[in-house]
Structure formats: C-alpha cells, structure tokens
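I have placed the structure first, in the form of structure tokens, so that the comments after it can refer back to it.
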Amino acid sequence: DAGITQSPRYKITETGRQVTLMCHQTWSHSYMFWYRQDLGHGLRLIYYSAAADITDKGEVPDGYVVSRSKTENFPLTLESATRSQTSVYFCASSSSGELSGANVLTFGAGSRLTVL
Amino acid sequence: RKEVEQDPGPFNVPEGATVAFNCTYSNSASQSFFWYRQDCRKEPKLLMSVYSSGNEDGRFTAQLNRASQYISLLIRDSKLSDSATYLCAVNTLFYSTLTFGKGTMLLVSP
Numbered sequence: 003d004a005g006i007t008q009s010p011r012y013k014i015t016e017t018g019r020q021v022t023l024m025c026h027q028t029w030s031h032s033y034m035f036w037y038r039q040d041l042g043h044g045l046r047l048i049y050y051s052a053a054a055d056i057t058d059k060g061e062v063p064d065g066y067v068v069s070r071s072k073t074e075n076f077p078l079t080l081e082s083a084t085r086s087q088t089s090v091y092f093c094a095s096s097s098s099g100e101l102s103g104a105n106v107l108t109f110g111a112g113s114r115l116t117v118l
Numbered sequence: 065r066k067e068v069e070q071d072p073g074p075f076n077v078p079e080g081a082t083v084a085f086n087c088t089y090s091n092s093a094s095q096s097f098f099w100y101r102q103d104c105r106k107e108p109k110l111l112m113s114v115y116s117s118g119n120e121d122g123r124f125t126a127q128l129n130r131a132s133q134y135i136s137l138l139i140r141d142s143k144l145s146d147s148a149t150y151l152c153a154v155n156t157l158f159y160s161t162l163t164f165g166k167g168t169m170l171l172v173s174p
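One line per chain: the protein sequences are A and B, in this order.
All residue numbers for the first sequence refer to this note's numbering, where the first residue is 3 and numbers rise by one.
All residue numbers for the second sequence refer to this note's numbering, where the first residue is 65 and numbers rise by one.
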C-alpha cells in the first residue's frame, strides 16, 4: 500500500539495549523526519533528511542515530536506550523542503516505545 | 518566549457552538503555517494550511496575523467528531522543518 509506514508499532525494551525504529515511504518523497511526542513537550524534531545520505540534527538528537541509504527508508536507532526515551515516535515525509499548502508534512502511524 | 505556543485547554463546548484557538509564534521570519488535528493515540493529520489572506474549508477558517505573530483556527457549528487535539505548526528553526505547538484539546459535548 502507498503511504508511510512505521515498524514496530509497539516495542518494549530494557535500558541499555539497542532499538531500531523503521520508517518506509512509497511516495519517493525527498524529505523525511523523525519526531518524538511526550506529554508536556508536544512534538519535537529529532533528525531529518533532505535526501539519501543527507541527514541533519533537529531539536533533540542526543542518544539517536539515523541513516538514509535509500530514499524510501529512514531508520532511527537508539544505540543504548534510556528510560527518558520512552515516547511515541512519529516518522513524517514531504516532497520538498519548501513546506507550503501544496507540499505538506505527512505522518506515519507512530511507534510507541517503552524503555524499562 | 517559546517558539510556538498554544493554550492547552481543554476547551469544552456544546454541539453547534463556535470555538476559536490561537497560536503564537516567535520567529518573525516564519513563512509556512499549518493546523493539524490529532486524535487520541493517533498520528497528526493535516487539517489545513494557513494562507496570508486567510482561508476557509467548510466549517473551518484559518487566519494569519503577521503583525502580532499568531495564527487562528475558527470552528463553526462544532460536531462531536471535532473532539481532538489541534496542533499548530510553523517553520522556524530550520527552513525545511516544522515546529509544533503542544496542542489545544477540544471536547465537544452533546
């Protein structure tokens, strides 16, 4: 199906473990984004990517690693998960960097991560 | 001043009421503005973009006030199905990205 999909949708892990959240989009959008959403903080940008092999830090990048070897995939890795990384993670994409009425940000369904 | 601020609510209104939300932003250079709707435990979905001249989509009207640096969302004839959290989004820190407000919760009751 076309669209943006995230996996896993739910994940429980332990402190110190490595976790990778996957994001796949079928629109061939150039831009992809990772946000986290927490009570009291709203949506915060972790990393984003303008194209394959181009990534940039967002507002809260510490503790996360991203890669973009293919346009359609943008995995987010927590190399050593901490309890403070318990959150809902949303992947999003857009066709260009010039966000406007004609080019908007579209979100995946989210990945709910719990770190014990 | 935070980059994007919204009143968290909740706004409790009866069906048929008109309700308005505001969202203030700090960066006067911001160019793109949006309203997203988020249902409980779901992803944000675009409700509407906000244009300089204001725009309307059915019962929803969005306006931009650059002088005072805020955007607004007006919902007329509220429906039960309008109950959700409304997020405003502005491009600020990085040209290609959006910064979101924390959202305003709307509860429409029968």
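Note that CB positions come from ideal geometry on N, CA and C, so glycine has one too.
Selection 80/B, 73/B and 119/B evaluated against residue 135/B yields 119/B as nearest (Cα-Cα).
The count of Cβ pairs closer than 8 Å, one atom from the stretch 122-137 of chain B and one from the stretch 73-93 of chain A, stays below three, leaving the stretches out of contact. Chain-ordered, the chain B residues with CB closer than 7 Å to the CB of residue 52/A read 160.
Residue 161/B and residue 152/B have their C-alpha atoms spaced approximately 13 Å apart. It is roughly 37 Å from the alpha-carbon of residue 47/A to the alpha-carbon of residue 174/B.
Beta-bridge analysis with DSSP links residue 80/B to no other residue. Taking every protein chain shown into account, the CB of residue 20/A has fewer than 16 other CB atoms within 10 angstroms, so this residue is exposed. Assignment of residue 107/A by DSSP, reduced to helix, strand and coil, places it in the coil class. A residue is called buried once 16 or more other Cβ atoms fall within 10 Å of its Cβ, and residue 118/A, having fewer, is exposed. For residue 108/B, at least one C-beta of chain A is nearer than 8 Å to its own C-beta.
Cβ contact annotation for residue 171/B (same chain, cutoff 6 Å, sequence separation greater than five): 74, 76 and 147, in chain order. 151, 153, 155 and 157: these are the residues of the stretch 146-157 of chain B whose beta carbon lies less than 9 Å from some beta carbon of chain A, given in chain order. Proximity of residue 76/A to chain B, defined by a Cβ-Cβ separation below 8 Å, is not satisfied.
Residue pairing from DSSP places residue 92/A in a beta bridge opposite 37/A.
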